[in-house]
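Notes follow the structure.
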Amino acid sequence: MSLFSMPFVDSGVDTALHVVATVVLVGVIGAAAYGFWRIHELPIQKAHHKEHHQLGLITALTWIGFIWHWVWVIAVVIAFVDGEQALRRIRDIWKGEPAVGEASALADIQAETATVTGNTCPQQEMDHA
0 MSLFSMPFVD SGVDTALHVV ATVVLVGVIG AAAYGFWRIH ELPIQKAHHK EHHQLGLITA
60 LTWIGFIWHW VWVIAVVIAF VDGEQALRRI RDIWKGEPAV GEASALADIQ AETATVTGNT
120 CPQQEMDHA
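Residue numbers (numbering that gives the first Met the number 0): 0 to 128.
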């Protein structure tokens, strides 16, 4: 056997290997395209799931994002961020007021502190007295 001999050349195996390679190549390209499409449609699916008010805008930005990818990023931000809640939170931060969830959490902590202080302090007072 020489150094330049090629295995499977001029045989039926050669043709079969070419067919297998073509099928694998087409399959990989198809899977990559499908995965790209699924990721690209993510903002639209999220907007449908949340019943977003700007569904048309998100859809248009997603389609434009196929050409200009930075536009797709804007569609993701609009789809995943609740604009009304974010604006309320920014307003509360600007005014210096705690958010609704923070106010109730603060009240819960104060109630727990009062309960713990009321139950454990008599024992500590007896130890110190």
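From the three backbone atoms N, C-alpha and C, an ideal C-beta is built for every residue, glycine too.
Answer with buried or exposed for residue i, where buried requires no fewer than 16 other C-beta atoms within 10 angstroms of its C-beta.
i: Pro121; result: Any reading at Pro121 needs caution, since the residue's pLDDT is 49, under 50, leaving its predicted position unreliable; the model's value is listed next. Exposed, by the Cβ-count rule.
i: His68; result: exposed
i: Trp36; result: exposed
i: His48; result: exposed
i: Ala15; result: exposed
i: Ile57; result: buried
i: Glu124; result: The pLDDT assigned to Glu124 is 49, lower than 50, so where the model puts this residue is not dependable; a value taken from the coordinates is nonetheless given after this. Under this definition Glu124 is an exposed residue.
i: Leu24; result: exposed
i: Trp93; result: exposed
i: Ala85; result: exposed
i: Ala129; result: Not covered by the structure: residue 129. The range shown for the chain is 0 to 128.
i: His52; result: exposed
i: Ala30; result: exposed
i: Ala46; result: buried
i: Met0; result: Any answer about Met0 is weak, because its pLDDT of 47 lies below 50 and its placement is not dependable; what the coordinates show is given next. Exposed: under 16 other Cβ atoms inside 10 Å.
i: Ala110; result: exposed
i: Ala20; result: exposed
Over what stretch of residues does the alpha helix (DSSP H) that includes residue i continue unbroken?
i: Gln44; result: 41-49
i: Trp93; result: 82-94
i: Trp71; result: 68-79
i: Gly55; result: 54-63
Just confirm the distance between the C-beta atoms of residue i and residue j, as a whole number of angstroms; I'd bet it's less than 8 Å.
i: Leu54; j: Ile73; result: Not confirmed; about 15 Å, so no contact.
i: Trp71; j: Gly64; result: 3 Å
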